[in-house]
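Encoded as structure tokens, the structure appears first; notes follow it.
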Ligand SMILES: Cc1cc2nc3c(=O)[nH]c(=O)nc-3n(C[C@H](O)[C@H](O)[C@H](O)COP(=O)(O)OP(=O)(O)OC[C@H]3O[C@@H](n4cnc5c(N)ncnc54)[C@H](O)[C@@H]3O)c2cc1C
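As structure tokens, then:
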């Protein structure tokens, strides 16, 4: 059996590892655009903050791939898939035949402007190296020029708040929405975060849009509908987008992600998708979702490997994402997309220092955001997993 996996991140690598366990004789190949062996994107913020050495971000050694007899074709792009002849064509001209193909390609970081010096993105370990260099340069500037900006209001943008706060670099954050995380946070939760962040020296500009970054050779100014702001470093965290040209040309159904059922099977036989790129049917919340989450990607990689190898297994898990913003703990559980919520309930308040927002659809709790209320986590997770009616709680 020949298994080809496109994407050497946590979803693709977990799938390869599991396939090797199930089928010791199979040919397993991972194709990935990045040159690096598997590393943790989740640990990158700790590396940037200096609390973790770079080497500790790597989760596999070079020898691991050899020991597992997993062929590694890295630094190469999969350019086309021919579903009929079951062939993947790679940059450089090589063609790989497969019996089963897994797409674990996630997405490309959305860029705001050209890569002008002083503009930072944070997706890869190379981006983290570059950011460290920019932070060190910014530290060396005189007080007037030592200012940073952030474009975006979601998970990566708030990491930049932490980086700048740690180095006492004053900054301005510009986001289109009224509250963080695509507007998923209610105003009380946002108030808790805002007061903590602003006490650390940053200024938030909700409902503001950035139209340009200016500078001669390097960043000097950001142009927004609230005015122009002088700065010398800008962190951009406006999301990722999957490049679906490969999947579309192979005849796969794509929407925001590659559409799959709960078994992570696409509409084309013997082609599967897992991790951030999959728009899978989540049986727990009753709709198709795209999830950008490490544990989800890892678990999907392991689960899909079983299906790929012939033990058809449905994926089901209550997803959770936790982050810490300038000392405030924020946790997302389940489906927190407001557009798909019929009702929300709020527990706690900004005054009490903690808020839980509960999302309800079809009388069931489908998700929650917790700000400084970790104690609610286990109960809410269980409620979603067991599909308990909201009225029963
Ligand atoms: C800085 C940072 C912090 C994060 N923190 C958290 C956190 O605290 N908690 C959490 O749950 N999640 C976090 N995440 C998100 C988490 O890291 C992702 O959800 C997870 O890495 C997704 O894994 P994946 O395998 O689906 O995709 P990826 O890890 O992105 O891997 C996809 C791979 O596919 C390759 N690829 C794409 N197209 C092609 C092609 N055509 N040919 C060949 N190769 C291709 C890419 O080069 C890439 O290596 C964080 C992400 C970042 C960037």
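Numbering (my numbering), first residue to last: 1 to 393.
C-beta atoms are modelled at their ideal positions from N, C-alpha and C, and glycine is treated no differently.
Inset, instruction - Let me know the secondary structure DSSP gives residue 60 once reduced to three states. - result: DSSP places residue 60 in coil when its eight states are reduced to three.
Inset, instruction - Using 7 angstroms as the cut-off, classify the Cβ of residue 321 as near or not near the heavy atoms of ligand 1, replying yes or no. - result: Answer for residue 321: yes, Cβ within range of ligand 1.
Inset, instruction - Compute the minimum distance between the beta carbon of residue 276 and the heavy atoms of ligand 1, and state whether it is under 7 angstroms. - result: Relative to ligand 1, the nearest heavy atom lies less than 7 angstroms away from the CB of residue 276.
Inset, instruction - Select from 257, 84, 136, 358 the residue whose C-alpha is nearest the C-alpha of residue 49. - result: Per the Cα distances, 136.
Legend entry - Euclidean distance between Cα positions of residue 69 and residue 244: Looking at the backbone, the Cα of residue 69 and that of residue 244 are separated by about 30 angstroms.
Inset, instruction - Leaving out five residues on either side along the sequence, give the residues of the same chain with a beta carbon under 7 angstroms from the beta carbon of residue 72. - result: Annotation for residue 72: 30, 65 place their beta carbon closer than 7 angstroms to its own, counting only its chain and skipping 5 residues before and after.
Legend entry - contact_flag[the segment 104-122, the segment 234-249] where n(CB pairs < 8 angstroms) is 3 or more: With contact defined as three or more Cβ pairs closer than 8 angstroms, the segment 104-122 and the segment 234-249 are in contact.
Inset, instruction - Taking 8 angstroms as the cut-off, decide whether the C-beta atoms of residue 74 and residue 2 are in contact. - result: No, they are not a contact pair.
Legend entry - Chain-order list of residues whose beta-carbon lies under 8 angstroms from that of residue 379 (same chain, five-residue window excluded): Correct list: empty, nothing qualifies.
Legend entry - Secondary structure, beta strand (DSSP E): runs of 3+ residues fully inside the segment 72-123: As far as the segment 72-123 is concerned, its whole beta strand (DSSP E) runs of at least 3 residues are 78-82, 87-90, 95-97, 100-103, 119-121.
Legend entry - Residue closest to residue 209, alpha-carbon to alpha-carbon, out of 192, 231, 216, 175: Comparing Cα-Cα distances from residue 209 to each of 192, 231, 216, 175, the minimum goes to 175.
Inset, instruction - Using only the heavy atoms of ligand 1, determine whether one of them is closer than 7 angstroms to the beta carbon of residue 304. - result: No - ligand 1 has no heavy atom lying nearer than 7 angstroms to the Cβ of residue 304.
Legend entry - Cβ-based burial, residue 81 [other Cβ within 10 Å; buried from 16]: Burial check for residue 81: the Cβ neighbour count within 10 Å reaches 16 or more, so the residue is buried.
Legend entry - Alpha-carbon spacing of residue 216 relative to residue 117, whole angstroms: A straight-line Cα-Cα distance of about 10 angstroms links residue 216 and residue 117.
Inset, instruction - May I ask which residues mark the beginning and end of the beta strand (DSSP E) holding residue 44? - result: In the DSSP assignment, residue 44 falls outside any beta strand (DSSP E) and within the unbroken alpha helix (DSSP H) covering 44-48.
Inset, instruction - Verify the contact flag: residue 324, CB atom, against every heavy atom of ligand 1, threshold strictly below 7 angstroms. - result: For ligand 1, not one heavy atom lies less than 7 angstroms from the Cβ of residue 324.
Inset, instruction - For residue 372, count neighbouring Cβ atoms within 10 angstroms of its own Cβ and tell me buried if that reaches 16, exposed if not. - result: The residue is buried, with at least 16 neighbouring Cβ atoms inside 10 Å.
Inset, instruction - Please name the residue or residues paired with residue 228 in a DSSP beta bridge. - result: For residue 228, which the question treats as bridged, DSSP gives the partners 223.
Legend entry - Start-to-end residues for the beta strand (DSSP E) that takes in residue 252: From DSSP, residue 252 is part of no beta strand (DSSP E); its letter is neither H nor E.
Legend entry - Per-residue DSSP class, three states only, for residue 307: DSSP places residue 307 within a helical segment (H, G or I) once states are collapsed to three.
Inset, instruction - Identify, in the order they occur along the chain, each residue of the same chain with its Cβ nearer than 6 angstroms to the Cβ of residue 313, setting aside the five sequence neighbours on each side. - result: The answer, listed in chain order, is 303, 306, 307.
Inset, instruction - Examine ligand 1 and report whether any of its heavy atoms sits within less than 7 angstroms of the Cβ of residue 53. - result: Outside the cutoff, so no.
Inset, instruction - Helix, strand or coil for residue 393, going by three-state DSSP, please let me know. - result: Judged by DSSP in its simplified three-state form, residue 393 adopts coil rather than helix or strand.
Inset, instruction - For the segment 83-97 and the segment 184-202, state whether three or more C-beta atom pairs, one from each stretch, are separated by less than 8 angstroms. - result: No: fewer than three Cβ pairs fall under 8 angstroms.
Inset, instruction - Take every Cβ of the segment 334-348, pair it with every Cβ of the segment 358-374, and state whether three or more of those distances are shorter than 8 angstroms. - result: Touching, yes, given that three or more Cβ pairs across the two stretches are closer than 8 angstroms.
Inset, instruction - Kindly indicate which three-state DSSP category residue 268 falls into: helix, strand or coil? - result: In the structure shown, residue 268 sits in coil (DSSP, three-state: anything other than H, G, I, E or B).
Legend entry - residue 21 to residue 275 span [Cα, whole Å]: The alpha-carbon atoms of residue 21 and residue 275 are separated by roughly 20 angstroms.
Inset, instruction - Starting from the C-beta of residue 211, find all residues in its chain whose C-beta is less than 8 angstroms away, skip the five residues before and the five after it, and write them out in chain order. - result: Closer than 8 angstroms at the Cβ level, and outside the excluded window around residue 211, lie 223, 224, 225.
Legend entry - Among 228, 142, 157, 350, the one whose alpha carbon lies nearest that of residue 323: Each of 228, 142, 157, 350 was checked against the Cα of residue 323, and the nearest Cα belongs to 157.
Legend entry - Between the CA atoms of residue 250 and residue 126 - distance to the nearest angstrom: Rounded to whole angstroms, residue 126 and residue 250 show a C-alpha spacing of 31 angstroms.
Legend entry - Host beta strand (DSSP E) of residue 136 (start-end): Residue 136 -> not in any beta strand (DSSP E); alpha helix (DSSP H) instead, spanning 125-139.
Legend entry - Distance CB(residue 399)-CB(residue 387) smaller than 8 angstroms: The structure shown does not extend to residue 399, since the chain is modelled only from 1 through 393, so no value can be given for it.
Legend entry - Beta-carbon gap between residue 320 and residue 277 smaller than 8 angstroms: The answer is no: Cβ separation not under 8 angstroms.
Inset, instruction - Starting from the C-beta of residue 289, find all residues in its chain whose C-beta is less than 6 angstroms away, skip the five residues before and the five after it, and write them out in chain order. - result: The answer, listed in chain order, is 282.
Inset, instruction - Determine, using beta carbons only, whether residue 23 and residue 309 come nearer to each other than 8 angstroms. - result: A contact, by the Cβ cut-off of 8 angstroms.
Inset, instruction - Determine the DSSP secondary structure at residue 340, reduced to helix, strand or coil. - result: Three-state DSSP puts residue 340 in a helix.
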